[in-house]
Structure formats: C-alpha cells, structure tokens
Amino acid sequence: MAFGLSGLAAGAFRGRGRLRAAGAYLLTNGGAVLWTWDRGLPLSVLYEAILGGAAFLLLPERPLKRLGTWLAPEGSVSADQRAQARVKQRLEATAQAFRTLYDTMRASFCPPRNDNDMATVFDRAACRVCRGCTLRSSCWERDYVTTFNALNDATQAMLDRGRGEAEDFPGYFSSRCLHFRAFLAAVNEELTALLYRRQYNSRIRESRAAVCRQYGELSALLGTAAAELSRELIPDPAGNQKLRRHLALLGLEMETAVYRDEYGRLRAELKGEGCQTLDTPEELAALSDLLGVPTRAEAGEESLTLIQLEPLMAVAGVAARKKDGETVSGDAGTYFKREDGTLYVLLCDGMGSGPGAGRESSLAVRLLEQFLMAGVETGHALATLNSALALRGEEEGGFTTVDLLQVDLFTGEGAVYKLGAAPTYVRRGSSVRRIAGS
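The sequence shown begins at 1067 in the numbering used here and counts up one residue at a time.
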C-alpha cells in the first residue's frame, strides 16, 4: 500500500520536474508509514523509499526514458473514436440531405411544355398562307379528311430530311393548292422552328438531369466517406511494441501507431523529433524487417509513415503523336499509383485536334486524377466528371472520351472503364483480348 500510494503521488507530478516527483514520493511514503505505525509497518519501508528516491534523482534521464517506453501502457483512443463517430454521423446526415434534394429535383423537373406536335407546323403555315385563299373552306372544311391525309403522308419524309419537298405531298393536293409554293415555304419555316424547339428542350432536359446526377453523386460520395470512417482499423499491439522498443534502443522518443486495414495490410505512423534520422535506406530496411513486411516510406517534417509495399510492380510504356499539321495534341494521359496500391492508367481524347481539344482532355485528366487520388470510388468519379463536362460543354458541344485502366497491385485484379473511348487490347502470352465500350 505504501509503495503503491507513493507511486500514484509521484505520477501526479509527471512533467513538473524530477525533484518534485521524488519529493511527493518520499512524503507520501512517510505519511503511509506514520499512518500505520500502530499496526507495526516496518521502518525499513521508509528507508527503501529514501534509497529509491535518491537513485531516481541520480540516474541519467535517457535510461529512464527508455524504461518508460518499455513499461508505458498504450494510450486510450476512446476520444478519437468518439470524434470519428461524430464526423461519420454528420457525413451521413449531409449525404441524406443531398439525396433528398436529388429526389425532389428529379421529381419536379418535368419536360418543358413547348408545342412539339407536328400538327402545329401545318396549322401555323395554314394561318399564314390559307387565310385569304378562295379554296380555304373547301380544303379545311368540306375536304378536311383529304387534306389531313395528304399532310399526314408527307410528315415522315419531312422529318427524316429536316425539310419538306414538293414531291413529299400527293399530286392531288399540290396540284389543287393555289399557293402551294408559299405554303411549302411556310411549312419549312415552321418545321425548322419545331426542330430548334425540340433540340432546345432536349438540352434543357439533359442539363437538368446532369444537375440532378451531380447531387446524387455528391450524396453517394459523402456516404462512401462515412463508410470509410466506420471501417475498423485493427491495432497491431505486438508490432507497435516492437517498434517502441526499437526506438528506445535508438534513444528516440516519439508517438507510434501500428495497425492494419480491413484487408490486413500494415501501416505504421511515427510522429516526433528524430523521424529524419530514420529516413535512410539502412534504417528503413531495419524497420521493414522489424515489422515483418516490406514497406515504403512517406516522410514529413516531423512524421514518418510506413506503408506495406505491394508485391506486384507495373512497367509502363508511352508513345504519342500529334495529328499532321497540328502543334498540340488533342489527347492527354497519365498514370499514377494511389496510397492503397491501386495503379491507374488514364487516357482522354478531346473532340477534334489542336489546342482546344488539348485543353478539354487535359482538364478531364486533371479532374479525374484528383478524384481518384482522393479515394473516390471509380464509378462515382466517372459519373461526376461526365455530368460536369457535359454541363461545361453545353454551349460549344465539346466532349472528351475517357479510357481508364485500374489495377490492384496487391491482388493483380484489374478493370477497364470507358466513356466513348476506342477499344483496349490486352496481351497475355500469345493471346490478345479486345475490350470495347459502348
């Protein structure tokens, strides 16, 4: 009881100087001895406390720090877990809000109410040309069914061609009409206006659908981020203890955390002074041997992160050629590896050639790389980029194809994603496989 109570008292003065800690230790021990004097506590307990306090004051500081590193318990992560749960809850609530907004907007966006009926083309042309004609009552009242059939027979040919010709109309109609050429010209003007309205309505629907998809994708991205927070990182206490002992032998005192992700891949994080001394090939190799897996290092100012190295390696070759007569290629490409060992090879082809196409393809490459490097799932990244570029190119009608290869360098599994891109050829041994997208 005396030694335990004295140790608690000394721990209360941690970080306030060794002399204060030793004084608290001795005073508490002396008080415990006096408290139990009538029960026969040996006075040697007080002598031992005095000797221990003296040894504590006389011992060098570095061996004590090493001993503390070996004996210190692992810190609690309950506060971090609570903060993580709070962030996850807020992300999920935000994702649900965007999902509700997406559903609401999609339900409220009805097709524009422009008159797209082909009958309006003939009605408006007749109002312009036939109003003062002497045969008006004959064509549009008494022989209405005959006129209706003649116009109906000409409709499909006009729509296929985009304008009407005299031969589209039956002879009995065109020969009887007193102002046929004027009527045909009026019909073509109204048909052109109709086709423009249809194109305009189609663009409006596409733009609204793209905006809705952006909200839906944003909701999905936030939901994925929340799911990432809920994935359990499995602590590796044995690996962490090995790392702490190794650092203690080197005389380094820093914060350490060793854990594995949901796939069992190791990750070690070190923070504190001395990280730069560990960032050498010899020390990094020693740390990899200590942790039992090959690792690669990512160093900061006062931090060092060791990530389990992928067992597979990719070798990439690139060849490019500009279109004859152009100084800038309309294609843009890159390849990069994410922290989790996923390799991406990306090629974008801007519509046309020259600087304009080059800008469009370079923008697509840059945006997609940022999404993927941020950890966004590939399908969501492509859908978000597709909607954004469609809205951006609405005025000029430009577009960019996307050709993406994704390879997991831990398992060797791969996937090919295509948005309007040319076929991909996969060679394995003496066989070649062709992968095409719609």
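Backbone N, C-alpha and C fix where the C-beta goes; we use that ideal spot for every residue, glycine too. Computed from a predicted model, the values in this text were never measured in an experiment.
Would you kindly report the start and end of the unbroken alpha helix (DSSP H) that includes Arg-1084? 1084-1101
Tyr-1410 beta carbon less than 8 Å from that of Leu-1429: no
Under DSSP, the alpha helix (DSSP H) around Cys-1414 begins and ends at which residues? Premise fails: Cys-1414 lies in the beta strand (DSSP E), 1408-1416, not in any alpha helix (DSSP H).
With H, G and I counted as helix, E and B as strand and the rest as coil, what does DSSP make of Arg-1494? strand
Which residue marks the beginning of the alpha helix (DSSP H) containing Glu-1348, and which one marks its end? 1347-1357
Can you give the Cα-Cα distance for Val-1143 and Pro-1301, rounded to whole angstroms? Residue placement at Val-1143 is poorly supported in this model, since its pLDDT is 49, which falls under 50; the coordinates are not used for a value here.
State the DSSP-derived secondary structure class of Gly-1070, mapped to helix, strand or coil. helix
What separation, rounded to the nearest whole angstrom, lies between the Cα atoms of Leu-1157 and Thr-1290? 9 Å
Bridge partners - Val-1468, DSSP secondary structure assignment: Cys-1414, Leu-1485
Can you tell me the Cα-Cα spacing of Gln-1374 and Arg-1333, whole angstroms? 6 Å
Among Lys-1154, Ala-1248, Arg-1229, the one whose alpha carbon lies nearest that of Ala-1192: Ala-1248
In three-state terms, what does DSSP make of Leu-1332? strand
Tyr-1238: which of Ala-1252, Arg-1263, Ala-1220 sits nearest, CA to CA? Ala-1220
How far does the alpha helix (DSSP H) with Thr-1361 in it reach, from first residue to last? Element bounds for Thr-1361: not the alpha helix (DSSP H) but the beta strand (DSSP E), 1361-1365.
Element boundaries [beta strand (DSSP E), containing Phe-1402]: 1397-1403
Starting from the C-beta of Val-1359, find all residues in its chain whose C-beta is less than 7 Å away, skip the five residues before and the five after it, and write them out in chain order. Leu-1332, Gln-1374
Residues of its chain near Ser-1354, where Cβ-Cβ distance is below 6 Å and the 5 sequence neighbours each way are ignored: Pro-1360, Thr-1361
Short of 6 Å in beta carbon distance, which residues of its chain neighbour Leu-1318, apart from the five on each side in sequence? Order them along the chain. Gly-1340
Can you tell me whether DSSP reads Lys-1154 as helix, strand or coil? helix
Compute the beta-carbon to beta-carbon distance between Leu-1433 and Leu-1412, rounded to the nearest angstrom, for a pair I have assumed lies under 8 Å. Going by Cβ atoms, the distance from Leu-1433 to Leu-1412 rounds to 11 Å, so no, they are not a contact pair.
Cβ atoms of Asp-1469 and Lys-1484: under 8 Å apart, would you say? yes
Residues that Leu-1372 bridges to, as DSSP identifies them: Ala-1334, Ala-1363
Give, in chain order, every unbroken run of the alpha helix (DSSP H) that is at least 4 residues long and sits entirely within the stretch 1210-1285. 1210-1227, 1237-1240
Anticipated Cβ contact below 8 Å, Val-1431 with Ala-1456, distance rounded: Wrong, their Cβ atoms sit about 17 Å apart, outside the cutoff.
Excluding sequence positions up to five away, which residues of its chain have a Cβ less than 8 Å from the Cβ of Arg-1425? Gly-1416
According to DSSP, simplified to helix, strand and coil, what is Arg-1500? strand
Tell me, which residues are paired with Arg-1326 by DSSP? Ile-1300, Leu-1332
Would the beta-carbon of Gly-1445 fall within 8 Å of that of Thr-1467? no
Can you give the Cα-Cα distance for Phe-1402 and Gly-1396, rounded to whole angstroms? 21 Å
Here's a check: name, in chain order, each residue in its chain whose Cβ is nearer than 6 Å to the Cβ of Leu-1344, leaving out the five neighbours to either side. Leu-1370
Within its chain, find whatever has a CB closer than 8 Å to the CB of Arg-1080; leave out the 5 residues flanking it on each side and keep chain order. Ala-1087
With DSSP collapsed to three states, give me the class of Leu-1474. Checking the sequence shown, residue 1474 turns out to be Asp, not Leu. Three-state result, Asp-1474: strand.
State yes or no: is the C-beta of Leu-1357 within less than 8 Å of the C-beta of Gly-1305? yes
Excluding five sequence neighbours on each side, which residues of the same chain lie with their C-beta closer than 6 Å to the C-beta of Glu-1283? His-1446, Ala-1449, Thr-1450
Nearest candidate by alpha-carbon position, reference Glu-1479, set Ala-1068, Glu-1376, Gln-1436, Ala-1382: Glu-1376
CB-CB length for Ser-1240 against Ala-1232, believed under 8 Å: 6 Å
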